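Peer 1:
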Amino acid sequence: MTLTKQDAVDQMMGFFQAKTLTAALDLKLFDHLHTQDLSAGEIADKLKSPLRSVEQLLIGLRAMGYLEKQGDNYHLPQEHASFLVSHEPMWLGWLGRHIDTFLYPLWGELKSAVTSDTNQRQAVFGDDRSWFDILYQNPEDVTDFQEFLGKFAAPFIHGFVQDYDFSQHRSFLDIGSGIGTLPIAVAGINPDIHLTICELPQACAFLRDKLAVQGYGDRINVIEGDVIAGKLALQDYDLIHLGWMLHDYAPEIQMTILKNIYDAMPAGGCFMASETPLNDEKSGPEFTALLSLNMLVSTDGGIESSTEEYLERFRAVGFENVRLINISGPRTLICGDKPQSASL
Ligand SMILES: C[S@@+](CC[C@H](N)C(=O)[O-])C[C@H]1O[C@@H](n2cnc3c(N)ncnc32)[C@H](O)[C@@H]1O
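When we follow my numbering, the leftmost residue of the sequence shown carries the number 1, and every step to the right adds one.
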C-alpha cells in the first residue's frame, strides 16, 4: 500500500472532523432539526449561543455531509437522525462524550506513552487509580461508556445469537457484560436458559437500573465480582463468556483472568472470549491496531493480540478443545472447555 502526502495530511487533520461532530452532538444541535428545518439564527437562539460561531459550526457540518441547506434553512436528512438525535436508540453522543472526556485528552499524550510504555492517566487526570476506577467515578461517565459500548457490540451480538446454539446450555454467565445487551438478546430467543451477569461493583448500580427499566430485572441475575481479584463462584454456569475485556489488560493479567475463571468454573463447562484480534502478521486490521494504542494510553498494559496468541493463552491455562467458533459479525470467538477430569 502506497500513501500520498495528501493521505498523510488528511489523516493528521482528521481530528477536525472528530471534534466538529463531538461538539455538535454534545450541544444536541441535531435534536433541534429533527422535526423542522431552521435558519442559522433560529439554531443559534435554541443553543443560546452567538450566531457567528454557530454558523461556522453549521457550515462545517454541512461540508462534512451531515446537514443539507434548503433556502435559508438547515435540514437534517432522516437517515442521519437515527444516530445524531439524542432520543434515537443509536445516538452516538455517548461515544462523543467518552471521546471528549477521556480518549482525546489521553491520546494527546501518545508520544509520552510510546516513549515510556505507560498509560497517561496520571499525566492527564493527575490520578493513578485504575482505568475503570477513573472511568466509573461519575455516574454520567459510566452511562456514556456503557451506552456506546452496547451500541458497538450490536453487530457482534446479532451474529452470536443467530449463529450459536445457546439452547445446548442450561446456564449462561456473561462476565463484564457492560449494559447487558448480550444476555438480553439471549433471553429473547432462549426462554429456558438461566442468565447471569458478573460486573465490577462500580458498574452494577447502572446495570441493575438499566435491566429493570427494560423489564429484565427478574430475568437476568447480576452478581458483583472482579475476575482479577479472583474468589469467583462460577460453579453454576455451563457457558461463560467474556466480551472485549482481555484486551483491556496486559498479557500476564489476561493469564490471571483466564486462570481465575478456569479454576472457578465447573468441570465440563465451556468458556468463550470474544475479541477483535490482530491478524497473524500483525499488519492490521487498522481499527484493531489503533485500538491497541488506545489501550496503551488508557489502561495498565492493555494490548491487542493475534488470534494465535489468545489461543495459546487458553491452552497454557489448561483449557482443552481450544478452538475458534464461527459466527457472523465483527468479533472472533475463542473457546475452550474445562476437562471433565479437572478437579477444583
Ligand atoms: C470494554 S467493556 C466490554 C463490554 C461488553 N462485554 C462487550 O463485549 O462489548 C469491558 C467490561 O468489562 C468490565 N470489567 C473490566 N474489568 C473487570 C474485572 N476485573 N472484573 C469484572 N468485570 C470487569 C467493565 O466494567 C466493562 O463493562
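Ideal placement from N, C-alpha and C gives every residue a C-beta, glycine not left out. Every value quoted in this text rests on a predicted model; they were computed, and no experiment measured them.
Return the chain-ordered ranges of every alpha helix (DSSP H) run that is complete within the region 262 to 288 and spans a minimum of 4 residues.
Peer 2: The region 262 to 288 contains no whole alpha helix (DSSP H) run of 4 or more residues.
Peer 1: May I have all residues whose beta carbon comes closer than 5 Å to any heavy atom of ligand 1, sorted in chain order?
Peer 2: Any residue whose Cβ sits closer than 5 Å to a heavy atom of ligand 1 makes the list: L149, A153, G176, G178, L200, A203, D226, V227, I228, G243, W244 and M245.
Peer 1: Whole beta strand (DSSP E) runs in the region 71 to 128 with 3 or more residues, listed along the chain?
Peer 2: Within the region 71 to 128, the complete beta strand (DSSP E) runs of at least 3 residues are 73 to 75.
Peer 1: Between the Cα of F30 and the Cα atoms of H98, K210, L246 and P77, which residue gives the shortest distance?
Peer 2: Walking along the sequence shown from the start, residue 30 turns up at place 30. It is P77 whose Cα lies nearest to the Cα of F30.
Peer 1: Can you name the residues that DSSP bridges to E55?
Peer 2: On the sequence shown, residue 55 is found 55 positions in, with the first residue counted as 1. None; E55 has no bridge partner.
Peer 1: When we look at the beta-carbon of K48 and count the other beta-carbons within 10 Å, is it buried (16 or more) or exposed?
Peer 2: Taking the sequence shown and counting its residues from 1, the one referred to as residue 48 is at position 48. When all chains shown are included, K48 counts as exposed.
Peer 1: Hey, quick one: how far does the beta strand (DSSP E) through R331 stretch, first residue to last?
Peer 2: For the purposes of this step, residue 331 is identified with residue 331 of the sequence shown, where counting begins at 1. That residue, R331, is in no beta strand (DSSP E); it is neither H nor E in DSSP.
Peer 1: Mind checking which residues open and close the beta strand (DSSP E) that includes T20?
Peer 2: Here residue 20 refers to the residue found at position 20 of the sequence shown. That residue, T20, is in no beta strand (DSSP E); its alpha helix (DSSP H) goes G14 to D26.
Peer 1: In three-state DSSP terms, what is R208?
Peer 2: As a first step, residue 208 must be located in the sequence shown, where it is residue number 208. Correct three-state label for R208: helix.
Peer 1: Is the separation between the beta-carbon of Q146 and that of A203 shorter than 8 Å?
Peer 2: Here residue 146 refers to the residue found at position 146 of the sequence shown. Here residue 203 refers to the residue found at position 203 of the sequence shown. The answer is yes: Cβ separation under 8 Å.
Peer 1: Look up T35 in the DSSP assignment and say whether it is helix, strand or coil.
Peer 2: On the sequence shown, residue 35 is found 35 positions in, with the first residue counted as 1. Coil, per DSSP.
Peer 1: Rounded to the nearest angstrom, how far is the Cβ of F166 from that of I193, given a contact under 8 Å?
Peer 2: Stepping through the sequence shown from its first residue, residue 166 is reached at position 166. Stepping through the sequence shown from its first residue, residue 193 is reached at position 193. With 8 Å as the limit, F166 and I193 qualify as a contact, their Cβ atoms being about 6 Å apart.
Peer 1: Pull up the distance between the alpha-carbon of H75 and that of R315, whole angstroms please.
Peer 2: Position 75 of the sequence shown, counted from the first residue, corresponds to residue 75. Position 315 of the sequence shown, counted from the first residue, corresponds to residue 315. In a straight line, the C-alpha of H75 is about 56 Å away from that of R315.
Peer 1: Using alpha carbons as the reference points, say which of H158, L173 and V213 lies closest to I189.
Peer 2: Your numbering for residue 189 matches position 189 in the sequence shown. Of the listed residues, the one whose Cα sits closest to I189 is H158.
Peer 1: Which residue from L291, N321 and G225 puts its Cα closest to that of W107?
Peer 2: Locating residue 107 in the sequence shown gives position 107, counting from the first residue. Cα-wise, what sits closest to W107 is L291.
Peer 1: In this structure, how does DSSP classify N321 when only helix, strand and coil are distinguished?
Peer 2: Position 321 of the sequence shown, counted from the first residue, corresponds to residue 321. Looking at N321 - three-state DSSP - the assignment turns out to be strand.
Peer 1: Do M272 and H247 have their C-beta atoms within less than 8 Å of each other?
Peer 2: Your numbering for residue 272 matches position 272 in the sequence shown. Your numbering for residue 247 matches position 247 in the sequence shown. Going by C-beta atoms, M272 is not nearer than 8 Å to H247.
Peer 1: Spell out the partners DSSP gives S292 in its beta bridges.
Peer 2: Along the sequence shown, read from residue 1 onward, the residue named residue 292 stands at position 292. In DSSP, S292 forms no bridge with anything.
Peer 1: Just verifying my parser: in three-state terms, what is the DSSP assignment at K259?
Peer 2: Position 259 of the sequence shown, counting from 1, holds the residue named residue 259. Of the three classes helix, strand and coil, the one that applies to K259 here is helix, per DSSP.
Peer 1: Taking just the CA atoms, how far does H34 sit from P50?
Peer 2: The residue you call residue 50 lines up with position 50 of the sequence shown. The residue you call residue 34 lines up with position 34 of the sequence shown. Taking the straight line from one Cα to the other gives about 21 Å.
Peer 1: What do you get for D174, buried or exposed, if any count of 16 or more other CB atoms within 10 angstroms of its CB means buried?
Peer 2: Numbered from its first residue, the sequence shown carries residue 174 at position 174. Buried: at least 16 other Cβ atoms inside 10 Å.
Peer 1: Taking the continuous alpha helix (DSSP H) assigned at L3, which residues delimit it?
Peer 2: One-based indexing of the sequence shown puts residue 3 at position 3. Neither: L3 is in no alpha helix (DSSP H) and is coded neither H nor E.
Peer 1: For the putative contact between G336 and E320, defined by C-beta atoms under 8 Å, what is the C-beta separation to the nearest angstrom?
Peer 2: Along the sequence shown, read from residue 1 onward, the residue named residue 336 stands at position 336. Along the sequence shown, read from residue 1 onward, the residue named residue 320 stands at position 320. About 7 Å separates the two Cβ atoms, so the contact holds.
Peer 1: Which whole-angstrom value is the C-beta distance of C345 and G225, which I expect to be below 8 Å?
Peer 2: Nothing in the structure corresponds to residue 345, since the chain is present only between 1 and 344.
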